[in-house]
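Residue numbers (numbering that gives the first Met the number 0): 0 to 493.
Okay, structure first, notes after.
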Amino acid sequence: MKINTSTGVIKGKTDAIAVCLFDDEVKTLKIPSLDSKTLQELTKLIAASKFAGKKDEQVLQYSQQAAAPLLILHGLGSRKEFKWQQLRLAAGAVLRVARDKNAKTLALFSADKLVEELSAEDVTKALVHGLVLGNWRFDQYRKTPMKEIKELTQVTIYYSSAARQRAAESKLEAALVSAESQNLAREYGTHPANIVNTEYLAAEAKKLSRRGIKVTVLDKNQMKRLGMNLLLAVSKGSAMPPKLIVMDYHPRNAKKTYAFVGKGLVFDSGGLNIKVASMEEMKSDMCGGAAVLAAMNGIAQLKPKYRVIGVIAAVENAVGPDSYRPSDIYTAMNGKTVEIMNTDAEGRLVLADALAYTVKTFKPDGIVDLATLTGAAVVSLGQMCDAVFTNNDNWRREVMDAAERAGERVWHLPIFEEHSKDMEGETAELRNFPMHRWGGACTAAAFLKEFVDDTPWVHIDIAPTAFPGKVSSIQPKATAAGSGVRTLLELVTR
Ligand code: BES
Ligand code: MN
Ligand code: ZN
0 MKINTSTGVI
10 KGKTDAIAVC
20 LFDDEVKTLK
30 IPSLDSKTLQ
40 ELTKLIAASK
50 FAGKKDEQVL
60 QYSQQAAAPL
70 LILHGLGSRK
80 EFKWQQLRLA
90 AGAVLRVARD
100 KNAKTLALFS
110 ADKLVEELSA
120 EDVTKALVHG
130 LVLGNWRFDQ
140 YRKTPMKEIK
150 ELTQVTIYYS
160 SAARQRAAES
170 KLEAALVSAE
180 SQNLAREYGT
190 HPANIVNTEY
200 LAAEAKKLSR
210 RGIKVTVLDK
220 NQMKRLGMNL
230 LLAVSKGSAM
240 PPKLIVMDYH
250 PRNAKKTYAF
260 VGKGLVFDSG
270 GLNIKVASME
280 EMKSDMCGGA
290 AVLAAMNGIA
300 QLKPKYRVIG
310 VIAAVENAVG
320 PDSYRPSDIY
330 TAMNGKTVEI
340 MNTDAEGRLV
350 LADALAYTVK
360 TFKPDGIVDL
370 ATLTGAAVVS
380 LGQMCDAVFT
390 NNDNWRREVM
400 DAAERAGERV
410 WHLPIFEEHS
420 KDMEGETAEL
430 RNFPMHRWGG
440 ACTAAAFLKE
450 FVDDTPWVHI
460 DIAPTAFPGK
470 VSSIQPKATA
480 AGSGVRTLLE
490 LVTR
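In structure tokens form, the structure reads like this:
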């Protein structure tokens with residue numbers, strides 16, 4: 000699917016025309032790029048269907064008089080309650096209906112008031128994200144993938160002036176790359192672990208070395224020599240080889256170095272503390288790693304001016320004759336000893352060594368780690384918002400601003416001294432699981448904090464949104480969301 004921009008009167012032939020409207024734009028329809036015949040047809044459609052522009056309201060009509068055979072009207076609701084997510088959802092919804100009705104080409108309009116008030120750059124970003132995310136499906140294991148039957152080939156977004164179109168063009172590529180990278184993360188997160196295993200992730204990363212990113216994959220022996228005993232302990236029960244995937248994008252004259260670290264549990268059975276519920280969803284326990292890998296993919300295209308390191312701890316938490324056990328004690332790469340209290344609290348262990356490695360090797364100016372770390376984060380915030388933790392409020396603000404611009408919802412939660420106290424061990428310095436379950440997202444973050452020294456660090460617990468239960472026009476059923484990718488890209492491309 001190609002997306003381009005246009006202005007002035009509608010050009011060429013198109014299979015479908017879609018118009019997004021606020022509720023106060025319905026009465027007097029003003030769309031500069033549409034001819035009077037098409038406007039007449041739309042006005043008739045509004046009257047006949049009693050279309051009121053309510054949020055998510057959609058009507059369609061076939062017409063022989065209009066500039067396209069299929070007309071779609073989509074409501075944005077009240078202007079006062081507008082949120083960018085609505086525009087993304089609207090773009091996804093019109094794309095899907097056009098595609099389902101066998102349209103190959105779509106022209107997308109919004110009325111005057113929408114484009115006057117909102118910047119063309121921001122409108123473009125939201126529309127492009129909505130279109131690309133809405134177009135994504137995961138159907139390659141089906142007999143006949145839908146792509147072979149129904150596929151939009153071209154979407155043209157119309158703007159009310161040449162100046163607005165120029166502004167839009169300046170944001171188009173970045174918006175496309177970030178949404179396509181997000182789709183790539185969804186792909187990784189949705190495939191099961193017998194396909195996306197640790198070696199698969201390493202092989203995907205290595206493909207980036209053809210595109211200017213240096214990729215190193217540390218194997219078990221190299222990790223042993225480095226003393227990454229926490230990560231290795233988690234992997235002991237699995238036949239899958241653990242991989243520490245390190246990607247280095249290093250442009251000339253880079254003034255800063257940022258590092259992204261991802262939890263890459265290709266499957267989390269819980270280990271000996273085996274999970275009793277929803278284990279099948281744990282194929283998505285590598286979504287943090289997937290976000291890092293997909294973001295590096297976007298970075299190879301957008302070429303930011305900073306050095307960016309991507310690190311993925313790719314491991315399986317399985318049950319085997321050599322599984323690590325509750326009560327075992329291991330020494331982390333940074334020398335701290337950890338008593339294992341629960342083998343299902345494995346994410347913090349692999350991240351601890353990956354973070355210590357990253358800090359020591361690259362001395363970054365800022366770290367962001369992404370992890371489907373705790374069910375407690377989901378309990379705290381629900382399935383629509385991820386949890387942010389930090390040891391440095393300036394860095395946190397930068398990351399949260401990037402999330403805001405990217406249109407990803409995050410919320411700051413604390414790491415109090417008491418949370419850190421909860422992670423002190425009995426027989427070792429630390430324990431991986433506190434005595435009680437309260438504040439589980441915070442105590443997990445407090446554990447990670449022990450492994451980053453003074454490096455500005457933000458931890459995003461993406462367990463809430465990584466594998467959403469709720470479908471929408473931009474999120475298909477039973478698929479990973481690709482959480483975090485857009486935020487990471489915003490952070491380094493500004
Ligand atoms: N991968 C899970 C966390 C998770 C749960 C992600 C639900 C997505 C949805 C993590 O490894 C885990 O098992 N966490 C435990 C921690 C506990 C043992 C301290 C949890 O959240 O119950
Ligand atoms: Mn677990
Ligand atoms: Zn896990």
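Glycine included, every Cβ here is placed at the ideal spot set by N, Cα and C.
Considering only the beta carbon of each residue, do residue i and residue j sit closer than 8 Å?
i       : j       : result
Tyr-355 : Val-310 : The sequence shown places Ala at residue 355, not Tyr. Not in contact: Ala-355 and Val-310 (Cβ atoms no closer than 8 Å).
Ser-180 : Gly-263 : no
Leu-372 : Pro-325 : no
Leu-200 : Lys-242 : yes
Ile-45  : Leu-72  : yes
Met-239 : Leu-230 : no
Asp-460 : Ala-440 : yes
Ala-51  : Val-25  : yes
Val-195 : Ala-204 : no
Lys-82  : Glu-120 : no
Gln-139 : Val-96  : no
Val-275 : Ile-366 : no
Met-502 : Val-154 : With the chain covering 0 to 493 only, the question about residue 502 has no answer from this structure.
Ala-405 : Glu-489 : yes
Asn-333 : Phe-450 : yes
Phe-108 : Val-18  : yes
Thr-100 : Leu-132 : A small fix is needed here, since residue 100 is Lys in this sequence, not Thr. Cβ atoms of Lys-100 and Leu-132: not closer than 8 Å.
Gly-74  : Ala-479 : no
Glu-315 : Thr-442 : no
Thr-123 : Ile-156 : yes
Ile-9   : Ala-106 : yes
Glu-428 : Lys-335 : yes
His-411 : Val-387 : yes
Met-285 : Val-307 : no
Taking its Cβ as the centre, do 16 or more other Cβ atoms sit within 10 Å of residue i, making it buried, or is it exposed?
i       : result
Asp-392 : exposed
Gly-481 : buried
Arg-185 : buried
Lys-36  : exposed
Glu-147 : exposed
Val-176 : buried
Ile-30  : buried
Lys-362 : exposed
Glu-172 : exposed
Met-227 : buried
Pro-144 : exposed
Gly-76  : buried
Met-399 : buried
Met-383 : exposed
Is residue i near the ligand MN, judged by its Cβ being under 7 Å from some heavy atom?
i       : result
Asp-121 : no
Asn-316 : yes
Asp-321 : no
Ala-162 : no
Asp-343 : yes
Gly-572 : For residue 572 there is no data in the structure shown, the boundaries of the chain being 0 and 493.
Gly-269 : yes
Could you tell me whether any non-hydrogen atom of the ligand BES is closer than 7 Å to the CB of residue i?
i       : result
Phe-388 : no
Leu-372 : yes
Val-377 : yes
Phe-432 : yes
Gly-468 : no
Met-281 : yes
Ala-462 : yes
Gly-287 : no
Gly-438 : no
Contact set, the ligand ZN heavy atom to C-beta under 5 Å: Leu-264, Asp-267, Asp-284 and Gly-346
Continuous beta strand (DSSP E) assignments of at least 3 residues falling wholly in the region 79–152: 104–109
Whole alpha helix (DSSP H) elements within the region 209–269, 4-residue minimum: 219–225 and 228–234
Complete beta strand (DSSP E) runs within the region 279–346 (minimum length 3 residues, chain order): 306–316, 328–330 and 336–338
Residue ranges of each alpha helix (DSSP H) within the region 159–195, 4 or longer: 161–189
Start-end ranges of the beta strand (DSSP E) lying completely within the region 362–388, minimum 3 residues: 365–370
Minimum length 3: unbroken beta strand (DSSP E) runs contained in the region 382–452: 385–389 and 409–411
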